[in-house]
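Residue numbers (my numbering): 838 to 884. Take a look at the structure below.
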């Protein structure tokens, strides 16, 4: 799976009092989620 790392992308969205972050890769016409996490440290991670 190491060959995926060059296609790694991240999405972020503000949700309630925190931030939802999703790391994913595109494989052909599909997106595969690698990890999903929520944090309340919005100022630290919001880009």
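Positions of the beta carbon are idealized from the N, C-alpha and C atoms, including for glycine. Please read all numbers here as calculations on a predicted model, not as lab measurements.
Contacts around residue i, its chain only, beta-carbon distance under 8 Å, and the 5 residues preceding and following it disregarded
i: residue 870; result: 859, 860 and 861
i: residue 846; result: 860, 861, 862 and 863
Proximal residues to residue i (C-beta, below 6 Å), its chain only, five neighbours per side dropped
i: residue 875; result: 855 and 857
i: residue 873; result: 859
Residue burial classification, residue i (beta-carbon count within 10 angstroms, cutoff 16)
i: residue 838; result: With a pLDDT of 46 at residue 838, under the threshold of 50, the predicted position of this residue should be treated as unreliable, though the coordinate-derived value follows. Looking at its Cβ environment, which holds fewer than 16 other Cβ atoms inside 10 Å, residue 838 is exposed.
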